[in-house]
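> Okay, handing you the structure first.
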Amino acid sequence: DPLAVLCRFLPHLEEDGHVIVSLPNVAAWPVRLGLLAGRFDYAPSGILDDSHLRFFTRASALRLVERAGLEVLRVEQNPMLVRAAKELILSGLGAGDDPTDLARSLPYKAYHALVRPLEDVVASRAPGLLAFQHVIVARKPPRPRRMRLTVGMLTMDEEESVGAMIGEIRKAAPDAEILCVDSSTRDRTPEIAASLGARVLRQVPPRGHGPAMELLMYSAAARSELLIYLDCDFTYPAENIPELRRLVEEEGADVVNCARTRSRPAAMPVPNYLANRAFAAMAHAMHGIPTSDVHSGMRAYRCSVIRAFDFDGEGDALPIDTLLFPAKCGYRVVEMPIDYNERVGTSKLRKLAGTVWTMIRLLRALPVGDRLGDRYERR
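Following the UniProt record's numbering, the numbering of the sequence shown begins with 1 at its first residue and continues without gaps.
Following this line, the structure appears as structure tokens:
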């Protein structure tokens, strides 16, 4: 009984823990054709596995997961359009060959590279008919609670601001661990941060914003339940940390995106503002996410959400992925307006590289999740 199995193991699942439930789709088109022909053929494996006691459609699979008390985040599928080709490919391997050679065979590689992406798109339009398996990603519903907090910053030659920023963070979140991923090469930023009690991870020689942000996010997620990050130049007010924390801990947000660009801040040059608005409009048009700021330098993340994705920090514009992926995969994202202040120190922004990588990441995110940001809430 799948429900009994789920209920048995759920008490051992950590807070916000995820469950992946994969069930064969008894309503798939080959089974329907068989029923029309008067056949319901059990087999040693596959949809009509003779060891199964129950069979599921998409709707009954969702009911099963919900009856177990889980929150459904998204439903994916393994398609059933050309599955019959599997036997043809296996027959070409020759007698006595290991069936695991299928994954290394040229026909399978060609199928996986050229056909499977199209098959996924087609199957997603009618999953009840065209899916071989329904794959349900669900989790324990978040409950209001105090969470272990890390406040993170990326630092690179921030000697004139890092001490004061750590002081502001301490005022806003006295119990937080402060984490600095530091790429300084010309001053004493890491020594100052460490002397004030921050945990410092060095990334030298500097590898860029993306790899540094990837390191910060996964390092925080390994030992905390909540990450709030902000820039180390006073552009984002640390006094907003308690509100971000409240939105996650009490209201159940998974990501809080601090939007600078609902209107143009005086501290932001007009070209930067126009570029940010254009990027946000593209994200809305391409992905259905009604954001007004895809490049915010201040966000809050439930750490279980970070661990649910394999973010690739190589290149610039990683905040595109870390906003769009959760928003398109069923997580609750809250966007709140925020002040944007004059910078202390010099900007490290690489405008051309950032623009190119923004376009690349917007395109690469198209196959991720659903196109609708139906859990993206603007405050």
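Cβ atoms here follow ideal geometry from the backbone N, Cα and C, with glycine treated the same way. All figures in this text were calculated on a predicted structure; none of them were measured in a lab.
Counting pairs of Cβ atoms below 8 Å between the stretch 188–201 and the stretch 150–161, do you hit three or more?
Counting Cβ pairs under 8 Å, three or more are found: they touch.
> Is A27 helix, strand or coil when you go by DSSP?
One-based indexing of the sequence shown puts residue 27 at position 27. Three-state DSSP puts A27 in coil, outside helix and strand.
> Would DSSP call M282 helix, strand or coil?
In the sequence shown, counting from the first residue as 1, residue 282 sits at position 282. Three-state result, M282: helix.
> Evaluate P141 with the Cβ neighbour count: other Cβ atoms within 10 Å of its Cβ, from every protein chain shown; 16 or more gives buried, anything less gives exposed.
In the sequence shown, residue 141 corresponds to position 141, counting from 1. Per the 10 Å Cβ criterion, exposed.
> Which whole runs of the beta strand (DSSP E) in the stretch 198–223 are 3 residues long or more, in chain order?
Entirely contained in the stretch 198–223, the beta strand (DSSP E) runs reaching 3 residues are, in chain order, 199–202.
> Once DSSP output is grouped into helix, strand and coil, what is the label at M153?
As a first step, residue 153 is located in the sequence shown; it is residue number 153 there, counting from the start. It is a strand residue.
> Expressed to the nearest angstrom, what Euclidean distance is found between the alpha-carbon atoms of A95 and K109?
By 1-based counting over the sequence shown, the position of residue 95 is 95. By 1-based counting over the sequence shown, the position of residue 109 is 109. Reliability fails at A95, whose pLDDT of 48 lies under 50, so the model's placement of it is uncertain and the value that follows must be treated cautiously. Their Cα atoms are separated by approximately 20 Å.
> Rounded to whole angstroms, what's the CA-CA distance from A278 to D370? Just pull it up for me.
Locating residue 278 in the sequence shown gives position 278, counting from the first residue. Locating residue 370 in the sequence shown gives position 370, counting from the first residue. Going by the C-alpha atoms only, they are around 22 Å apart.
> Using DSSP's beta-bridge definition, name the partner residues of D182.
In the sequence shown, the residue the question calls residue 182 occupies position 182. T155 and R202, per the DSSP bridge assignment.
> Would DSSP call S51 helix, strand or coil?
If you number the sequence shown from 1, residue 51 lands on position 51. Reduced to three states, the DSSP call for S51 is coil.
> With DSSP run on the structure shown, which of helix, strand or coil describes H295?
For the purposes of this step, residue 295 is taken as the residue at position 295 of the sequence shown. Coil at H295, not helix or strand.
> Inspect the CB distances between the stretch 163–175 and the stretch 207–221 and report whether three or more fall short of 8 Å.
Result no; under three Cβ-Cβ pairs closer than 8 Å.
> Taking DSSP as the reference, what is the three-state secondary structure of F311?
In the sequence shown, the residue the question calls residue 311 occupies position 311. In this structure, F311 counts as coil in the three-state DSSP scheme.
> Can you check which of these residues, A280, F132, I136 and V31, is closest to R361 by C-alpha distance?
Walking along the sequence shown from the start, residue 361 turns up at place 361. Closest by alpha carbon: A280.
> Using the beta-carbon count (16 or more within 10 Å), is K171 buried or exposed?
Residue mapping note: residue 171 aligns to position 171 of the sequence shown, counting from 1. Exposed, since its Cβ has fewer than 16 Cβ neighbours within 10 Å.
> Is the beta carbon of T155 closer than 8 Å to that of A193?
Stepping through the sequence shown from its first residue, residue 193 is reached at position 193. Stepping through the sequence shown from its first residue, residue 155 is reached at position 155. In this structure, T155 lies closer than 8 Å to A193 by Cβ.
> What do you reckon, are the CB atoms on R350 and D316 nearer than 8 Å?
What you label residue 350 is simply residue 350 of the sequence shown in a count that begins at 1. What you label residue 316 is simply residue 316 of the sequence shown in a count that begins at 1. The answer is yes: Cβ separation under 8 Å.
> Which same chain residues, not among the five before or five after A253, have their C-beta less than 6 Å away from its C-beta?
The residue labelled residue 253 in the question sits at position 253 within the sequence shown. Closer than 6 Å at Cβ, skipping near neighbours: L247, R332 and V334.
> Just list the alpha helix (DSSP H) runs in the stretch 322–354, keeping only unbroken ones of 4 residues or longer that don't cross its boundaries, in chain order.
As far as the stretch 322–354 is concerned, it has no whole alpha helix (DSSP H) run of at least 4 residues.
> What do you get for H134, buried or exposed, if any count of 16 or more other CB atoms within 10 angstroms of its CB means buried?
The residue given as residue 134 occupies position 134 in the sequence shown. The residue is buried, with at least 16 neighbouring Cβ atoms inside 10 Å.
> In the DSSP assignment, what are the bridge partners of F132?
Within the sequence shown, residue 132 is the residue found at index 132, counting from 1. For F132, which the question treats as bridged, DSSP gives no partner whatsoever.
> When you compare only the Cα positions, how much space is there between V72 and K328?
Here residue 72 refers to the residue found at position 72 when the sequence shown is read from its first residue. Here residue 328 refers to the residue found at position 328 when the sequence shown is read from its first residue. Taking the straight line joining both Cα atoms gives about 13 Å.
> Quickly, what does DSSP pair E177 with across the bridge? List them, please.
Here residue 177 refers to the residue found at position 177 of the sequence shown. T150, per the DSSP bridge assignment.
> Looking only at its chain, what residues have a beta carbon closer than 6 Å to the beta carbon of E76, apart from the 5 residues adjacent to it on each side?
Taking the first residue of the sequence shown as 1, we reach residue 76 at position 76. Only V135 meet the Cβ criterion.
> Give every residue of the same chain whose Cβ lies closer than 7 Å to the Cβ of D293, excluding the five residues on either side of it in the sequence, and list them in chain order.
Within the sequence shown, the letter at position 293 stands for residue 293. Only N257, A259, R260, T261, N276 and A280 meet the Cβ criterion.
> Verify whether the separation of the beta carbon atoms of R299 and Y229 is less than 8 Å.
Taking the sequence shown and counting its residues from 1, one reaches residue 299 at position 299. Taking the sequence shown and counting its residues from 1, one reaches residue 229 at position 229. The answer is yes: Cβ separation under 8 Å.
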